Amino acid sequence: MALLEVNNLRKYFKTSRGMLHAVDDISFTLEKGKTLGLVGESGCGKSTTGRAILRLIEPTSGAVVFDGVDVTGLNSRGMRRMRQDMQIIFQDPFSSLDPKKSISHLISEPIRESGIIRDGARIEARVQELMDTVGLSRRLINSYPHELDGGRRQRIGIARALSMEPRLIICDEPVSALDVSIQAQILNLLEELQESQGITYIFITHDLSVVNHISDEIAVMYLGQIVEKATADELFRNPLHPYTKALLSAIPVPSLGDRPERITLKGEITSPVNLPEECRFRKRCREAGQECSSGIPPQVEVEPGHFVACFHCAARAG
Amino acid sequence: MPANDLILDVKNLAIRYETEDGNVHAVNGVDLQLGYRKTLGLVGETGAGKTTTALSLLRLIPNPPGVVECERMMVAGNDMLRLPIDKLEEIRGNDISMIFQDPMTALNPVFTVGEQIAESLEIHERLSKADAYEKAMQMLETVGISRSRGAEYPHQFSGGMKQRVVIAIALACNPKLLIADEPTTALDVTIQAQVLALMKALKNKYDTSMIIITHDLGIVAEVCDEVAVMYAGRIIEKGSLEEIFNETLHPYTEGLFNSLPNINDRMSKLRPIPGLMPDPTNLPVGCTFAPRCGYASAACLERQPRLTLMSGTHYVSCMAYDDPGFAINRRKQ
């Protein structure tokens, strides 16, 4: 059975100009110990999806089934218990840590808050153990976040998430604010933790080379919807959706020699407010035809495990 | 290369910030040369001194706390070290212009984008208000924005559009040298592709020389002719694009490449550089990279290596190459 099942998840925000469709009918399943990459550009709804799964923002509708339990139906006590299993690592290690709290306090906070360990000496032992796990030197235990660089701060965020021994961690752009040499350290750490503790990840990022490296499966989002989903190998080898193709061709590759033709998209992402019932990508799509304004294209499984929501490519492949 | 063939000729540039907590040694003896119509990539991580170097070329380092020392700084035929302030103002935005990293804050929110492009034309080309505005509208079209939007304010534009406006301002007076500081870092990847293509096209159209500051080796591969890799305020390797990418010499440059996920082989292991960049208030005596370097010997901790010509136009600052048999171990891309 899948560890996480998301069914028809929606999150709408009421704005003065109309309804903003941040997340619009998203469904996927995720097996234990695997990594799902959620990739897309600013405003595509990937972070909102992550937060709606944890109910850090309340979904408008849809179900989030974690280990057989629909978390959207839990009361606040049930949710508190559930959050021990479902943790999040935030993007910005500079603003996500309280500057007035020491490292020891920050890492032990979830433990004390949840009461899973109550004895002071054992809490400290656990903090030290967590610091070892994420590669923070023990001498930093009484330091404050401003004394540390971004990479070490992100390690604190990871230690906080790990302190609950979660089964699922949502990583929301965890390496975007870091330099490449530090980014590689953190990515390796996340991979080692997955291997040793069997943690399942949802990895949210806009960086396609990172998502390719870390994910087993990748879902590409555009304007609140998943337009294509496949294993990482399959998606990069055989992208079908015109948006995925453009996205992949826009990656600046750090090597010389032949590179595939770049597909330059016209215009920019349209506003997610008051969207018409048509393919969300139609206005920027070079393959768009008449049928594309006839409704929202359904997700079609063109090959086992490879889903695409596009009238054209589904017809071609099918 | 004879000096008059150079748009940029900088010798022994050192910049420090004098603060209460000590002197921050941001740039420590940098030599830079660039031929006309060439694009130089200045590469390195946060705190390497890239932006400080670029700002000093426009004499934009505030003093105090910044102290700039330099033997020679010739930019587009101007002796930047000796020019008085009023002459500098004629050059900035005219002979040399700069694109800043964050298009969200680089524009003035209370003027229309048309007025902001026209401003430098009025000042430098001494055009009338009407002529300057007309030329500004042409620039707007050149960067792919319809002139009907010239009367709008920056907040009405998206990030990619704002960066196009910033590019239009920078190129309005047809500068000889354009310095672009992380011009696409704040943008999404498909918009980044649009902006890079635009910058390349305009550079060719106007015969501009360019310095691009970036941490992204993918962007370097796409737009640069020459590359200089900075670490802790020094250039540790420089050469042509091919030399740096295909014949990497410095262990730090190797580390940068090995840290990147390989898009063609997702199973390849990332090999990060251990440790952190040294504190610029307290730089090591020897090679600044030695504490993180897998090849470092005792000598590296004692003596500062010099930037040495290895072949062609390829320079490296690394003592390991005193041993003629030395070679680094770069992961295959």
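Top line first, the protein sequences correspond to chains B and P. Just so you know, the first sequence maps onto residues 56 to 373 in the numbering used here. Just so you know, the second sequence maps onto residues 596 to 928 in the numbering used here. Glycine included, every Cβ here is placed at the ideal spot set by N, Cα and C. Source: prediction; values computed, not measured.
Distance, Lys-101 (chain B) Cα to Leu-793 (chain P) Cα: About 29 Å.
Does DSSP put Gln-345 (chain B) in a helix, a strand or coil? Three-state DSSP puts Gln-345 (chain B) in a helix.
Interface positions of the region 797–821 of chain P facing chain B (Cβ-Cβ less than 8 Å), listed along the chain: Hits within the stretch, in order: His-810, Asp-811, Leu-812, Gly-813, Ile-814, Val-815, Ala-816 and Glu-817.
Beta-carbon neighbours of Arg-861 (chain P), restricted to chain B and to distances below 8 Å: Within 8 Å Cβ-Cβ: Asn-267, His-268, Ala-287, Asp-288 and Phe-291.
Selected residue, minimal CA-CA separation from Ile-806 (chain P), among P:Lys-606, P:Ala-823 and P:Lys-800: For the residues P:Lys-606, P:Ala-823 and P:Lys-800, the minimum Cα distance to Ile-806 (chain P) belongs to P:Ala-823.
Can you pull the DSSP bridge partners for Leu-653 (chain P)? For Leu-653 (chain P), DSSP records no beta bridge to any residue.
So with CB distances below 7 Å, who are the chain B contacts of Gly-850 (chain P)? Chain B residues near Gly-850 (chain P): Ser-236.
Would you tell me roughly how many angstroms separate the C-alpha atoms of Asp-234 (chain B) and Arg-887 (chain P), rounded to the nearest one? Cα-Cα distance, rounded: 15 Å.
Using a Cβ-Cβ cut-off of less than 7 Å, list which residues of the region 869–892 of chain P approach chain B; keep chain order. Residues passing the 7 Å Cβ filter: Leu-871.
Using a Cβ-Cβ cut-off of 8 Å, state whether Glu-640 (chain P) counts as contacting chain B. Glu-640 (chain P) counts as touching chain B.
What are the partner residues of Pro-214 (chain B), as DSSP defines its beta bridges? Correcting the residue identity first, residue 214 (chain B) is Ala in this sequence and not Pro. Ala-214 (chain B) has no beta-bridge partner at all, per DSSP.
Name the chain P residues whose beta carbon is nearer than 8 Å to that of Ile-306 (chain B)? Within 8 Å Cβ-Cβ: Val-784, Gly-813 and Ile-858.
Could you give the DSSP three-state label for Ile-786 (chain P): helix, strand or coil? In this structure, Ile-786 (chain P) counts as helix in the three-state DSSP scheme.
Entirely enclosed beta strand (DSSP E) segments - the region 615–674 of chain P, minimum 3 residues: Correct list: 617–630, 634–638, 661–664 and 667–670.
First through last residue of the alpha helix (DSSP H) which encompasses Gln-696 (chain P): Per DSSP, Gln-696 (chain P) belongs to no alpha helix (DSSP H) and is neither H nor E.
Burial state of Arg-929 (chain P) (16 or more Cβ within 10 Å): Residue coverage of chain P in this structure runs from 596 to 928, which leaves residue 929 (chain P) outside it and unanswerable.
Please list the terminal residues of the continuous beta strand (DSSP E) segment that includes Thr-780 (chain P). Counting along the chain, no beta strand (DSSP E) covers Thr-780 (chain P), and no H or E run does either.
So, at 7 Å on beta carbons, what are the nonlocal neighbours of Glu-342 (chain B) in its own chain, with the 5 sequence-adjacent residues on each side left out? Excluding sequence neighbours, Glu-342 (chain B) sits near Pro-297 and His-367.
Buried versus exposed call for Leu-242 (chain B) [16 or more other C-beta atoms within 10 Å across all chains shown]: Leu-242 (chain B) comes out buried.
Per DSSP, Gln-139 (chain B) is paired with what? According to DSSP, which records beta bridges pairwise, Gln-139 (chain B) is partnered with nothing at all.
Per DSSP, the bridge partner or partners of Thr-260 (chain B): For Thr-260 (chain B), which the question treats as bridged, DSSP gives the partners B:Val-94.
Chain B residues whose Cβ lies nearer than 9 Å to that of Ala-792 (chain P): Near Ala-792 (chain P) (Cβ distances below 9 Å), the residues of chain B are Arg-317 and Thr-319.
Segment contact flag, the region 851–864 of chain P with the region 306–320 of chain B, C-beta cutoff 8 Å, min 3 pairs: Judged by pairs of C-beta atoms under 8 Å, the region 851–864 of chain P touches the region 306–320 of chain B, as three or more such pairs exist.
Could you tell me the alpha carbon to alpha carbon distance between Tyr-801 (chain P) and Glu-717 (chain P), rounded to whole angstroms? Those two C-alpha atoms are separated by around 20 Å.
Using a Cβ-Cβ cut-off of 6 Å (strictly less than) and excluding sequence neighbours within five positions of Thr-103 (chain B), which residues of its own chain qualify? Once the five neighbours on either side are set aside, the close Cβ partners of Thr-103 (chain B) are Lys-66, Ala-77 and Val-78.
Which one of P:Thr-908, P:Ala-922, P:Pro-919 and P:Phe-921 has the shortest CA to CA distance from Gln-628 (chain P)? The residue with the shortest Cα to Cα distance from Gln-628 (chain P) is P:Thr-908.
CB His-810 (chain P) to CB Val-638 (chain P), shorter than 8 Å? When the beta-carbon positions are compared, His-810 (chain P) and Val-638 (chain P) come within less than 8 Å of each other.
Residues from the region 192–207 of chain B in contact with chain P, defined by Cβ distance under 9 Å: Answer in chain order: Asp-204, Gly-205, Gly-206 and Arg-207.
Go to Met-905 (chain P), then tell me how far its beta strand (DSSP E) extends in each direction, as first and last residue. It spans 903–906 - the beta strand (DSSP E) in which Met-905 (chain P) sits, taken as one unbroken run.
At the 8 Å Cβ level, is Leu-93 (chain B) part of the contact set with chain P, yes or no? For Leu-93 (chain B), the answer is no, since every Cβ of chain P falls outside 8 Å of its Cβ.
Following the continuous beta strand (DSSP E) through Cys-226 (chain B), name the residue where it begins and the one where it ends. Counting along the chain, the beta strand (DSSP E) containing Cys-226 (chain B) begins and ends at 223–227.
Can you find the residues in the same chain that come closer than 7 Å, C-beta to C-beta, to Leu-904 (chain P), ignoring five residues on each side of it along the sequence? Cβ neighbours of Leu-904 (chain P) within its own chain (closer than 7 Å, five residues either side excluded): Tyr-910.
Taking CB distances under 8 Å as the criterion, tell me whether Glu-837 (chain P) reaches chain B. Judged by the 8 Å Cβ criterion, Glu-837 (chain P) is in contact with chain B.
Test item: CB-CB of Val-275 (chain B) and Leu-302 (chain B) under 8 Å: The beta carbons of Val-275 (chain B) and Leu-302 (chain B) sit closer together than 8 Å.
Quick check: what's the CA-CA separation for Thr-325 (chain B) versus Tyr-890 (chain P)? For Thr-325 (chain B) and Tyr-890 (chain P), the distance between alpha carbons rounds to 51 Å.
Can a CB atom of chain P be found closer than 8 Å to the CB of Ser-97 (chain B)? Output row for Ser-97 (chain B): interface = yes.
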